[in-house]
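Q: In my numbering, the protein residues as written are 35 to 148.
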């Protein structure tokens, strides 16, 4: 019974995190891009495996954005003062988002070429 309660609690904690993410401008912009590209993809003849790969490349961006938001919230919780290590942590988290966006762009460009 305790494990069921723990699973339920974990689910609601996760949904709380999603609510926070939906207030983040960048996260919402990325969802809009995904929805737009999903509509375009409906009209293309693409294999299921390629569609799954394209979708997973987008989910990777959302994952990185969530981690980035968590890092920023943690740093801001610790201190709003400017500090080189705080900047470093935020910049690295932002770089993770950028890397996933580059990956996403390569996957989608290749899907149109191949």
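Ideal placement from N, C-alpha and C gives every residue a C-beta, glycine not left out.
All values derive from a computational prediction rather than experimental measurement.
Whole angstroms are fine: how far does the CA of residue 89 sit from the CA of residue 98?
A: The sequence position of residue 98 within the chain shown is 64, counting from 1. The sequence position of residue 89 within the chain shown is 55, counting from 1. Taking the straight line joining both Cα atoms gives about 15 angstroms.
Q: Count the C-beta pairs between the stretch 100-113 and the stretch 73-84 that are closer than 8 angstroms, then say yes if the count reaches three, no if not.
A: The stretch 100-113 is not in contact with the stretch 73-84.
Q: Rounded to a whole number of angstroms, what is the C-alpha to C-alpha distance between residue 92 and residue 58?
A: In the chain shown, counting from the first residue as 1, residue 92 sits at position 58. In the chain shown, counting from the first residue as 1, residue 58 sits at position 24. Going from the Cα of residue 92 to the Cα of residue 58 covers about 17 angstroms.
Q: So, for residue 123: in the same chain, excluding its five sequence neighbours on each side, which residues have a beta-carbon less than 6 angstroms away from its beta-carbon?
A: Start at 1 with the first residue of the chain shown, and residue 123 comes out as number 89. Hits under 6 angstroms: 105, 109.
Q: If you follow the alpha helix (DSSP H) that residue 77 is part of, which residue opens it and which one closes it?
A: Taking the first residue of the chain shown as position 1, residue 77 is located at position 43. No alpha helix (DSSP H) contains residue 77, which DSSP labels as neither H nor E.
Q: Where does residue 127 land, buried or exposed, given buried means 16+ other C-beta within 10 angstroms?
A: Start at 1 with the first residue of the chain shown, and residue 127 comes out as number 93. With 16 or more Cβ atoms within 10 Å of its Cβ, residue 127 is classed as buried.
Q: Please classify residue 120: does DSSP put it in a helix, a strand, or coil?
A: Along the chain shown, one-based indexing puts residue 120 at 86. Three-state result, residue 120: helix.
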